[in-house]
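Working notes for the structure below.
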Amino acid sequence: MTGCPVAHGYDPLEPGTVLDPYPVFNALREAGPVFYMEDLDHYIITRFEDIEKVLLDRETWSASNASSPLIAPCAAAQAVLSAGYHRVPTLNNADPPRHGPMRKSVLTTMTPRRLNALEPELRAYAENLIRGFMDEPTVDVVDRLAFPFPGFAAFTLLGFPPEDTDLLKDWSAKRVLLTYGRLSDEEQVEIAEIIVAFWKYVEDHVAARRLVRANDLTSDLLDLSDKSPHMLNDFDIVNMVYSMALAGHETTCNTIGNGLRALLENRDQWERLVADPSLIPNAVEEILRYDGPVLNHRRIAKVATTVGGVDIPAGGKVMLCFASAARDPDQFDSPDLFDVSREDAELHMAFGKGPHFCLGAPLGRLEVRIVLELLTSLTPALEIVPNQTFEYSPNALFRGMKALMIAPRGLAVASSRG
Amino acid sequence: MADEPNVDEVAYRATQKLIRLTALRGTPVEGDSCGNCYYYLEPGEPMSFCWHEKFQLLVSSTWWCQHWEVTTDD
Chain D
0 MTGCPVAHGY DPLEPGTVLD PYPVFNALRE AGPVFYMEDL DHYIITRFED
50 IEKVLLDRET WSASNASSPL IAPCAAAQAV LSAGYHRVPT LNNADPPRHG
100 PMRKSVLTTM TPRRLNALEP ELRAYAENLI RGFMDEPTVD VVDRLAFPFP
150 GFAAFTLLGF PPEDTDLLKD WSAKRVLLTY GRLSDEEQVE IAEIIVAFWK
200 YVEDHVAARR LVRANDLTSD LLDLSDKSPH MLNDFDIVNM VYSMALAGHE
250 TTCNTIGNGL RALLENRDQW ERLVADPSLI PNAVEEILRY DGPVLNHRRI
300 AKVATTVGGV DIPAGGKVML CFASAARDPD QFDSPDLFDV SREDAELHMA
350 FGKGPHFCLG APLGRLEVRI VLELLTSLTP ALEIVPNQTF EYSPNALFRG
400 MKALMIAPRG LAVASSRG
Chain S
0 MADEPNVDEV AYRATQKLIR LTALRGTPVE GDSCGNCYYY LEPGEPMSFC
50 WHEKFQLLVS STWWCQHWEV TTDD
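Heads up: the sequence lines are chains D and S, in that order.
Each residue of the first sequence is one higher than the one before, starting from 0 at the first, in numbering that gives the first Met the number 0.
Each residue of the second sequence is one higher than the one before, starting from 0 at the first, in numbering that gives the first Met the number 0.
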């Protein structure tokens, strides 16, 4: 056992790292398995094997910090949150004994079988979006597809009114920044007020469904609460819906954007999918591995422990670097290569692993598969617009582009129309 | 006397991959186990067939994996 090296100069929120974190993660991982980040007071764990062990060891590790702000909010923002935001650990950030009944409640109402039954409706919605832009010379595919499609799926499932989609997406993007970004005090207060409004919105939604049920997950959870009041109450349901109102779409939006960029910048891989759509399910896994939507996840040590030969004290907060694990050459051959037929791609940890394995994984996989099936069949000549400047959300957890310009019918057609 | 059989390396690696892919473990998690999972073919039996697409093999009622599902159906 040894003391922990300090990651001098490493900052997950530095703009260059946000834009392309992989060279930084590769260098860190080659230098060692664990580093301490003084500014953020977190240990960063870099290797696949160590991260997998932490995720599966709930005796040693708590998930309670998984959704906590990476940087403590300023006093003014904290005052706003304390007055109107009452979230408690419920799903991704809950430990036993609370976690079990909460997770089981959601699994009871959101089985993979039920999610798969949504496929025809989701496919029709996505096809309509694509047909709406496929004859335009160039479009921002994040704005026209990657952003609205998962939003529709998640908000429909939860029962939010369709007219609120843009508002909820905007709130979600800002919610991410307060939790995982670095903001000025003024920005923190502004977003804290949005978070309070978002929480109130969910409280009102659950209260409305308490009075009048509909065909949605919120109503199903309330029905379950009526049948099993010992299992969950309305406050639990508000917490669950609030969690899923973000988790249900942000990661899928990012996966679609990141995946299209990877496919179109590796043109031969796109053409393989066009020629052989049976490769698409594995391509979804390779996208999740190669440039997944979640860069880091967090845990906190319940007791003093050791990771990769490095001591972590009780109470030590760790950042599990999923993006580094996905490029770990001890786990994946030629890890920086994007290969839609990679045999072990599915071993990635983009959905976590073990008791906290992502409840929305079947839905996320389904949505990305639908998008790739539709785009490869409707717009096989699709190309990325060259020389565009990419901008990623400046946060330490989610990796997603703000825009991705594509030419649905190809660049030659776009320029002839342009 | 017959020779000792060789370890089937391919089958061994496939098993190891399955365990990692599904986070399969030999004990229940928070009261859930294969025995009360939707995909356990013969509830009440100490061992049975798991028909989840990732498995399709014999499991113990006390095991658990991250694909565990509730038994109540739609």
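We treat Cβ as the ideally placed atom computed from N, Cα and C, and that holds for glycine.
Item                                                                                                                                                                               : Value
Leaving out five residues on either side along the sequence, give the residues of the same chain with a beta carbon under 8 Å from the beta carbon of Leu272 of chain D.           : Leu262, Leu278, Ile279, Ala282, Val339, Leu371 and Thr375
At 4 residues or longer, and completely inside the region 69 to 142 of chain D: list those alpha helix (DSSP H) runs for me, N to C.                                               : 74 to 83, 98 to 108, 111 to 116 and 118 to 132
Is the region 37 to 54 of chain D touching the region 153 to 162 of chain D in the sense that three or more CB pairs, one from each, lie closer than 8 Å?                          : no
Hey, does Pro11 of chain D have any beta-carbon neighbour from chain S nearer than 8 Å?                                                                                            : no
Do Met36 of chain D and Ala76 of chain D count as a contact pair if the criterion is CB distance below 8 Å?                                                                        : no
Whole angstroms are fine: how far does the CA of Gly359 of chain D sit from the CA of Arg19 of chain S?                                                                            : 19 Å
Identify every residue that forms a DSSP beta bridge with Ser59 of chain S.                                                                                                        : S:Met46
Output needed in chain order: residues of the region 75 to 106 of chain D with a Cβ under 9 Å from some Cβ in chain S.                                                             : Pro95, Pro96, His98, Gly99, Pro100, Arg102, Lys103 and Leu106
With distances taken between CB atoms, is the gap from Tyr84 of chain D to Val195 of chain D smaller than 8 Å?                                                                     : yes
Are Lys52 of chain D and Ala22 of chain S close, meaning C-beta to C-beta below 8 Å?                                                                                               : no
Taking the continuous alpha helix (DSSP H) assigned at Arg266 of chain D, which residues delimit it?                                                                               : Arg266 to Ala274
Using C-beta distances below 6 Å, list every residue in its chain close to Pro45 of chain S, excluding the 5 sequence neighbours before and after it, in chain order.              : Ser60
Take Gly409 of chain D and list the residues in its own chain whose beta-carbon comes closer than 8 Å to its own, dropping the five residues that flank it on each side.           : Ala380, Leu381 and Glu382
Would you say Val309 of chain D and Pro32 of chain D are within 8 Å of each other, going by their C-beta atoms?                                                                    : yes
Please specify which runs of the alpha helix (DSSP H), each continuous and at least 4 residues long, are wholly inside the region 33 to 63 of chain D, giving them in chain order. : 47 to 55
Is the CB of Thr65 of chain S under 8 Å away from at least one CB in chain D?                                                                                                      : Going by the sequence as given, residue 65 of chain S is Gln instead of Thr. Yes, Gln65 of chain S lies at the interface with chain D (some Cβ there is under 8 Å from its Cβ).
Report the residue from S:Pro42, S:Asp2 and S:Leu57 whose alpha carbon sits nearest the alpha carbon of Cys49 of chain S.                                                          : S:Leu57
Is Thr14 of chain S close to chain D, meaning its C-beta is less than 8 Å from at least one C-beta of that chain?                                                                  : no
Exposed or buried, Ser104 of chain D, counting other C-beta atoms within 10 Å across all chains shown (16 or more means buried)?                                                   : buried
Which residue marks the beginning of the beta strand (DSSP E) containing Thr305 of chain D, and which one marks its end?                                                           : Thr304 to Val306
What's the gap between the Cα of Asn214 of chain D and the Cα of Leu177 of chain D?                                                                                                : 33 Å
Quickly, what does DSSP pair Arg298 of chain D with across the bridge? List them, please.                                                                                          : D:Val317
Below 8 Å on C-beta distance, what does Glu345 of chain D contact in chain S?                                                                                                      : Leu20
To the nearest angstrom, how far is it from the Cα of Ala82 of chain D to the Cα of Gln15 of chain S?                                                                              : 50 Å
Between Asp235 of chain D and Thr110 of chain D, how many whole angstroms is the CB-CB distance? I'm expecting something under 8 Å.                                                : With 8 Å as the limit, Asp235 of chain D and Thr110 of chain D do not qualify as a contact, their Cβ atoms being about 19 Å apart.
List the DSSP bridge partners of Ile311 of chain D.                                                                                                                                : D:Thr304
I'd like to confirm something about Asp40 of chain D: is its beta-carbon nearer than 7 Å to some heavy atom of the ligand MN, or not?                                              : Among the ligands in the structure shown, none appear at all, so the ligand MN cannot be discussed.
Against Leu55 of chain D, what residues of chain S qualify as contacts under a CB-to-CB distance less than 7 Å, listed in chain order?                                             : Ala22
Is there a Cβ of chain S sitting closer than 8 Å to that of Gly291 of chain D, yes or no?                                                                                          : no
Under 7 Å Cβ-Cβ, which residues of chain S neighbour Pro393 of chain D?                                                                                                            : Correct list: empty, because the minimum Cβ distance to chain S is about 32 Å.
Is there at least one Cβ from chain S nearer than 8 Å to Lys301 of chain D's Cβ?                                                                                                   : no
Please classify Phe154 of chain D: does DSSP put it in a helix, a strand, or coil?                                                                                                 : helix
If we cut at 8 Å on Cβ distances, does Thr59 of chain D have a partner in chain S?                                                                                                 : no
Per DSSP, what kind of secondary structure is Glu29 of chain S in: helix, strand or coil?                                                                                          : coil
For the region 318 to 329 of chain D, which residues have a beta carbon sitting closer than 7 Å to at least one beta carbon of chain S?                                            : none
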